[in-house]
Amino acid sequence: MDSEHESKDKSSLSLRWQELPRLKRRLVIATVVAIDAILGLLFQSGIGNGIDAILLGNLPNDMVWLSQSIQLISMGFLLVKVVFDDVQHGWLRTVLMAFSPLFLLFVVLFTIELLMIGLDTSAVIYFNLSSIGFSTLTWSSTYLAIAVGCTLTYSVQRYGNFAQSEFFMLGMYVAIMIVWMDYFFPLVSVPKDGVLVWTVLLWTLLGAFVLTGLAGIIIDRLVFRGFRDRKSSADVMMIASLGVALILRAIVYLRFGAGTKLFEPDIDWRIAREQRFEAPTMLTKLNLGDRSLASDATYTHGSCENVGTASNPVYEKVVSEGSKPIADVYSVGSDCVTELTANYSYYNAAMPFVIFASVGLLLLLLTKTRLGRRMRAVADNPELAASCGINVERVHMMSAFLSAGISGLGGAIFAMTIRYSPETGFTLLLPAFAVIVLGTIGSIPGAIVGALLIGFVRSVSSPILMGIGTPLDRSNYANLAEVMPYVMIIAILLVMPKGIGDAYDKWNIKRIRTRAAEDFTPNVKRASILGIFFAPLGLHHFSVRNSLRGQRYLLGTFAAYITYVFSRFVKEHSIADSDIFNTLTGGDKTIALSHAPETYTAVQQEAWLSFMQAEHVLVELISGIGMLLWPAVPILFYLIAWREAYFTLQGKEMKKSAPFAGIAFVSSRWDAVSTRCGTMWRETTQAVDAKIGFIGVHAHRLVNTGKTKVLDTVVDKRNSALKKLNMSYGRESELGSWVLFGILAIVMACLIYWLPVADSDQASFVKTLQLSNVMVTFAIFAILALSLNLHTGVTGQLNFGVIFFAAIGAITVGILTAPKELHGYDWPIAYAVMFSMFLGALAGWFLAYPTARLRSDYFAIITISLGEIVRVLLSGEPLLRAGSWGSAVGISRYKLPLQEWWFCGDSVPNDANGNPLSPVACSRDDSIQSMAATVGEWLNLGQPAPYMFVLAVIGLTGLILSWWLLNTVLKSPWGRILRAIREDEEVAQHHGHDVLRHKAASLALGASIAAFAGALWAWKLTGFQPSFMSPAKTTFLVWAAFIIGGVGNNRGMIIGASIIVLMEFVFNVLVAGQGSSDLPLNEVAATIDGWFEWLVIEQVQVMWICIAIVLLAHLVKWESVRETFFWIGLLFACGSFFFDERSIEEAYPTGVVRAGMAYVKVLLIGLLIVFSLRYNPKGLLPEVPYRPPHPAGKGVEEQ
Amino acid sequence: MNNKLLTTLMALAFMTAALAGCTSNDEDESEDDSTEETDVVTDVVKIGFLNPATGPLAQDAAGFEYGALQAAIDLNAAQNTTTFEVVVADSGCDGTTGAAAAQTLADAGVVAVAGAACSGASMAANAVLSAAGIPMISYASTNPSLSNATAYPDFFRVVPSDAIQGPAAAAMMATLDAESPAILHMTNDYGSGFADAIEGAWDGDVCAKIGYAETATDISSEVAQIANAGCDSVFMVSYVTDAALILNEVATQGLDIMLFSGDGPAGEGLLEELSDDSVADGLTVTTPRAGSSFGDFEARYVAADIPSIKQYVLTSYDAVTIIGEAYNLNGTDMSGSISTVGTAFEGASGLHTFLDNGDVGGAGYDICDYYADGASDGEYECVAYWTVAEGVVIPAEVIKLGFMNPLTGPLAQDAAGFQYGAQQAIVDLNAMYGDFGVEFQLVEVDSGCDGTTAAAAAQTLVDSGVIAVGGAACSGATMAANAVLSAAGIPMISYASTNPSLSNATAYPDFFRIVPSDAIQGPAAAAMMASMNVSNPAIIHMTNDYGSGFADAIEDAWDGELCQKIGYSETATSVASEITQISNAGCDAVFMVSYVTDAALILNEISTQGLDIKLFSGDGPAGEGLLEELSDDVVADGLYVTTPRAGDSFGDFSDRYDATNITSIKSYVLTSYDSIMMLGQAALTDADTPSEAINSVGTAYEGASGLHTFLANGDVGGDGYDICGYAASDAADGTFTCTKYWTVAGGVEDNAE
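Here's what the structure looks like:
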């Protein structure tokens, strides 16, 4: 069909093409590209194969069919996009939209089918329905636990909280802390008895919620309130939360150790063989690709035929010959008698239950209570809320408590499912971000839907990926399920640029509008009659379109039923329903005690008995509530509906019912009482303060006047000095910025100089090596920060994919220059570097177009997703491996630039066997005259200079070139256009700039610079694994450099990068110093150790000291100190309550309380980030805006 | 306003401090120099240690560090010229952190570095360290590309490359008859590389090969996939935590599949990770063969109870030790002396010799398995090993024979003797066949003399892999055990079960016994009573199957009516009413079908009630043991019992038994010895089925308990019964003498003497 078009005259064709509506144009493109892909896959005759032929078959075959598969799938996706964008609104569009997920699944399976046929092999894909359902529940609840907290923080406090997963982690450790308590610890050694213990679980969940929530408040008060007061931007708070995350993780490492822990409320919870649900399931087996069978081979269907009687079924297997069926559905086992089941252990099932229930409660809190309304008001507009008399700070505190608490709760229940370490939570953070973005940031129902969707995508993609992994010899593909959420989110954002929640809101508004437009008179009588029969289902309210009340009825009934089922479950699986308790109450303790561990002493047995009695009370309580709710709630609904129906049918007006009036009365009384209490408390404290506080007031006044006086003088002096220097804006003036840059650079240089080197005869060599090493790392980070500054600081595109662009450079250079026999291409290094930079630029350019419509945070999540996708692909895709034996993951053994020349000179000498010498051999051969030897002599090193020196030179040259290039470019008009785009995209567009193209160019330029940094990074590492791309060690650190250095200021990038890089090296000295007495900072490490031991062991002492400080600070009215130590004191008070001897035994296996300096290092890095941002919210060297000269005669004003 | 001021002040303060640092640093150094010059007592030498304190391997870091620090302590204790210090740096598990840490170590002036653990960190650290001429010995990096000496100079490792473990893993699976194994592996470089190596070495197709991220928190779909694909086994290339996750998931999904793994989770540590040890039951793993662990470090580590990957704790100890010894050898050429020291180095992790590229060949792999039955704690035991040259070697063929002993229950007092018999049989078997590479082991379980206990015990025997079972003693136990054992195709030879219904070969297949059935003892008992002029005997019998069966057999054989036939529970604590009944009925004799304990009870009761009546019993209480049970021997005076006649005893076991002071029913001690001996010999015949093997051995078998020939139903004809009597008076202790005997052919006859 299309070939006919092509034969026509070209000009008329292009004209007609332009005239076609977008729908048709897109359809034609999709068809042509899809046909090419199909031809390629089936008959190896697509364009890709053509290119391969032109390159004389140098393209790996895998690459061709892989790209063709992606081509076909993306065309399927394009069709879906066409439906969303171009099809007229109406029933057709709705139907097509509803079927689009199924269609996409079909396209994927179809592609696999074609691919398999083309490759002459076959794939078997199994879908186990119940198993997929369970897996969905597990994943979505895990993600949701973090996502809900994140989205709450985002909507109320307006920043993405990277520390959210750390609250999840805190929850996990609260769980282990509670199990270590003396009261609960006996349960650890209770043998299994087939009965679940519920008390520990309940207390743990409660404890995790409250304690983690408290931690949330503490962090909010101590860290984020300061940022709010200073009106810091969301980015600054986000990076500060990164610091907070590091601090929290370091504290957990220090206190709990790095070993894995498991939360066992009772051993029986973990007996997966016995304590599990066995759900019937149905298995679908898809045979894709080549389905023919060899002549003598047979294929046994899973489907069985029932030829027996109903009571005594006899099943037979059906055997087919010749070919396999495409699909095969069965629900019985291979013996054709046992029913297939999918099992779900209780410990796994507890997680979705707890998390979905608590998120439901949270939703209720947000929508139905006054607190919730306040929170939403603050979320919408804090200023307006404040002016309405809402205490905004308190609302912030509440939201911090809830968001941290709910993540902690999730962490505690998650702790039961798997062994965890402090790092476990972090692996869940990024998918959780994907969830909230998918569900529209800030919307909790959206997050729930997003979590379910992503959980489902993850669990449904696993079987597909595993099925194709075997025939394609890519078993690592199963791992790609991890990035399917990201792929999915990219796809969904391309179709629905503001996420699902927003799309739903729009749809809802439209529905309400059409509803409002309709003329609808409710049929009251029909509703009354419906109410008489179906009151608990809320049908009577739905029928008069009072859907809100209807929902309330339906949900109430549903919740009551769920509670009932749950309470039944608890009772049946607890001691309340077993004979243990009968004997307990019967007075004969011997039988009850026989269930206690044999090793118990009499005292312990008594404790155990009382524990079991408490457990029984609890279980009876839960089951009592369940028994009460289930009949009571529906009956209540019936009663109300009958009463309403009575009045309606009688035609009477209904009075406000008494119970509601009662509730209103009670609530008003409660308000009055609470207000009075609050007032009394305030008055009392004020009175007390007035009595005893005069000292403090005087002291405070005295101090304050002194402080003000000194400050005023200093500020005056400074201002006049600055004025004299012609730097009226301090750091934000051109000169001031340069001066501070110079000072900071000197400080950094001093620090590098300070980095100690042990005394030995090769000390000068080691120092050179050290300098070079620091310089290479610094150059890498500085170049990446410069690139990020171009993207984010100047153009305003929130790029969280720094490592994505860097990885393009590293991977391309690595693979292209690796030797051919090790899956490489043996390219010369220079070409490879150029090609990688070109590839980076290409990626940047093409990233700009599809993401053009996205808001900045959505762009951020897309870039971070790209990075993660490449990271996982690096372990999953054999094409991205080189340099190793077999197909081990990672890239290594690539050539290093100038290495041979550096050590061996212009021509490489041969060894005794006639083989060329290796660079290392050259460097050890004194007779060879090379650059390394010359430089070594010149620097008086006593041996050839290290190769790292060359890399440092290359890196610094690259850094200077990039800096120069960017400065030149940004000073040009183009730089101003970019800044204009950052400030206001629409205005820039109005001025006639093609915003999209400028953005694309900026992305491309930055990306190619980043690619160079990536190549440099690869050379420095000499071999890398996927872990090299972990965002915590790359993207986030570059971001920290960017924010600390100063957004929009290239000098700031240099300083920021040097701080980030030096941090690692400087604090490492501390780590090394712990072990050896003659190393620097050994004393410091020992002191920290001592303090740490005191903090861990003498918690009560610490608490008292804190209380003393709080009282003192209160007396002298030093608010910040009072608050800080109040929270710290509270922390240690909690600690002294929960921790005892056992926690030390468990956390420090050697029995010695010792502060691992590696974790102190992490703590210090976190503190550095938080503090530097706290006092420099704009960074050390803020952007220097262009300022018109001052009109003469006016004084200098600080902003 | 204030902030800016504060910042500026801070910056100034910072700057001055730093400048002060710059200047003072020099002074410090010079001071250091002077002090060092003045008092050089011992030479302080620093050894670097790269530890993955953060990152995915963080949970094992504590163990690695323990190994390194212990090595330094030991090095320092061994000599007093040098003081070794271990400088620990956090290598993370990634190249960037690893390189920075390596630089810090180089700066600190270490002579060599042990580490890193992760291969990526090792590569990046090597780039820094080799430039400084500092050699490194990795204790856990197994990536094959590190074998390249040109790319990674001065790099050694005391763990073999992944490339070698693949064949070991494949051979292990083949040995254990895995046919379509699935490989479930981490997707990091260790996981993928090892998985490829296994696949490469596996002869045939693998059933499925599935990767997962080592950070995965849910593995259900991967396991479901393996189940769906119908694989018969799964090889997990995992670390400990995720192996535990997989095992739990396999248990949750109820998969019945063979479990294998590599060195990642190998060790007792895995059991620590599991709440329920039994999920690891049947897991077999390969782990670098320690050969033998030299020194006591392994024991110290186990005692220290630090959870970590033991193998790598041992290698980290060795790495630091090699460095220390190399320094002592020649501190100026560390690489060279490491090679020298690393020749046949006897380390805690085994014998190491570095190849030219710094790799170690490895001593092969141990093949170890986990056993846990759900009731007790799991066990981890290395059963075989694999080497490049020999393949899988099972050290000696171990033949396990089961032995069911009534350690608890009514026959418990005789268990010691039975046990002695069985154990002596094993000793004799091993003495006879040990030279042929065969080792017999006895797996003894408690049959409890009841069906429930015995069935469970039989299951334990099946699980532990016995090929045949001796026992049980009590007939009820034997029946229940036979149901379990015959289902598993395991034959049994009972040494004491005399119930007639066991003669039915259809109901009790694969069952043999070398004691005659009660169906034969019944006539003997009847004949004995008749010969003692009994006219109106009562039978008081246990209501278990032995008691009921034997009582029926006597009733059948007795010519005339019985006076009474009363059953009692063998656990009865009082038989007063039964004895009263017999007394009231006016019987002239009582035949007790009892075990020892209750026979004593009955005798005491008869004596208490002052009944004057003739006393008889069967083989249950027969023997000196009864007298031991009685506080007053006189109550047994005049009791006559039947007991299987030993015929001629072959071999010297009977004498050996007499030399001990064990008091059990001797005839059954002899049969218990014979049963195990026969099973052991049958195991070495090359018959097609176990039953055939036993039949072939059990033809005119000259046992300690006489000459045995199995009939078609597994019974033996028997040599008749001895008739023995107890005599005791107030003056003297009781005696037990056999004066007559009974045979089918001749009836009751006097003993020849």
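Sequence lines, in order, name chains A and B. Under the working numbering, residues 600 to 1798 are what the first sequence spells out, in order. Under the working numbering, residues 2 to 754 are what the second sequence spells out, in order. Backbone N, C-alpha and C fix where the C-beta goes; we use that ideal spot for every residue, glycine too.
- CA-CA distance, Leu-1669 of chain A to Thr-1307 of chain A, rounds to 39 angstroms.
- Cβ proximity to chain B below 8 angstroms picks out nothing from the region 753–784 of chain A.
- Val-1412 of chain A and Phe-1623 of chain A have their C-alpha atoms some 12 angstroms from each other.
- Annotation: the region 1654–1728 of chain A contains the following complete segments of the alpha helix (DSSP H) (minimum length 4 residues), in chain order: 1681–1696, 1698–1714.
- Taking 7 angstroms as the cut-off, the beta carbon of Val-1594 of chain A is found no closer than this to the beta carbon of Ala-1600 of chain A.
- C-alpha of Lys-1760 of chain A to C-alpha of Thr-285 of chain B: approximately 40 angstroms in a straight line.
- Taken through DSSP and simplified to helix, strand or coil, Ser-234 of chain B comes out as strand.
- Around the beta carbon of Ile-1111 of chain A, a 10 Å sphere encloses fewer than 16 other beta carbons of the protein chains shown; the residue is thus reported as exposed.
- DSSP lists B:Asp-447 as the beta-bridge partner residues of Asn-406 of chain B.
- Under DSSP, no beta-bridge partner is assigned to Lys-623 of chain A.
- Here the C-alpha atom of Gly-1672 of chain A lies approximately 24 angstroms from the C-alpha atom of Ala-141 of chain B.
- The DSSP-derived three-state label of Glu-629 of chain B is helix.
- Neighbourhood of Asn-1075 of chain A in chain B, by CB distance below 7 angstroms: Thr-188, Ser-193, Gly-212, in chain order.
- CA-to-CA, the gap between Glu-1214 of chain A and Ile-1174 of chain A works out to about 8 angstroms.
- Residues of the same chain with a CB within less than 8 angstroms of the CB of Arg-1454 of chain A, apart from the 5 flanking positions on each side, are Pro-1096, Lys-1097 in chain order.
- For Val-516 of chain B against Ile-491 of chain B, the beta-carbon gap comes to about 20 angstroms, at or over 8 angstroms, which does not count as contact.
- Across the structure, Asn-431 of chain B and Trp-738 of chain A are spaced so that their CA atoms are roughly 57 angstroms apart.
- One Cα belongs to Ala-526 of chain B, the other to Val-745 of chain B, and the distance between them is close to 12 angstroms.
- Around Ser-262 of chain B, no beta-carbon contact reaches into chain A at under 8 angstroms, the shortest distance being about 16 angstroms.
- When C-beta atoms of the region 1367–1384 of chain A are compared with those of the region 1646–1655 of chain A, three or more pairs fall below 8 angstroms, so the two segments count as touching.
- Distance from the Cα of Gly-1335 of chain A is smallest, within the candidate group A:Met-1347, A:Thr-750, A:Lys-1322, A:Ile-1345, for A:Lys-1322.
- Counting along the chain, Thr-253 of chain B sits inside the alpha helix (DSSP H) bounded by residues 241–253.
- Between Met-124 of chain B and chain A, the shortest Cβ-Cβ separation is below 7 angstroms.
- For the pair of segments examined, the region 274–284 of chain B was found to touch the region 366–385 of chain B: the number of CB pairs separated by less than 8 angstroms reaches three.
- Scanning A:Tyr-725, A:Ala-1511, A:Gly-717 for the CA closest to the CA of Leu-882 of chain A turns up A:Tyr-725.
- Using a CB distance cut-off of 7 angstroms, Asn-1372 of chain A counts as an interface residue toward chain B.
- Beta bridge pairing from DSSP links Pro-492 of chain B with no other residue.
- Taking 9 angstroms as the upper bound on Cβ-Cβ separation, chain B lies near residues Val-1660, Glu-1663, Phe-1664, Asn-1667, Val-1668, Val-1670, Ala-1671, Gly-1672, Gln-1673, Gly-1674, Ser-1675, Ser-1676, Asp-1677, Leu-1678, Pro-1679 of the region 1656–1680 of chain A.
- With fewer than three CB-CB distances shorter than 8 angstroms, the region 818–834 of chain A does not count as touching the region 1013–1023 of chain A.
- Chain A places no beta carbon closer than 7 angstroms to that of Lys-311 of chain B, leaving this residue out of the contacts.
- Distance from the CA atom of Ile-816 of chain A to the CA atom of Ile-777 of chain A, rounded to whole angstroms, is 21 angstroms.
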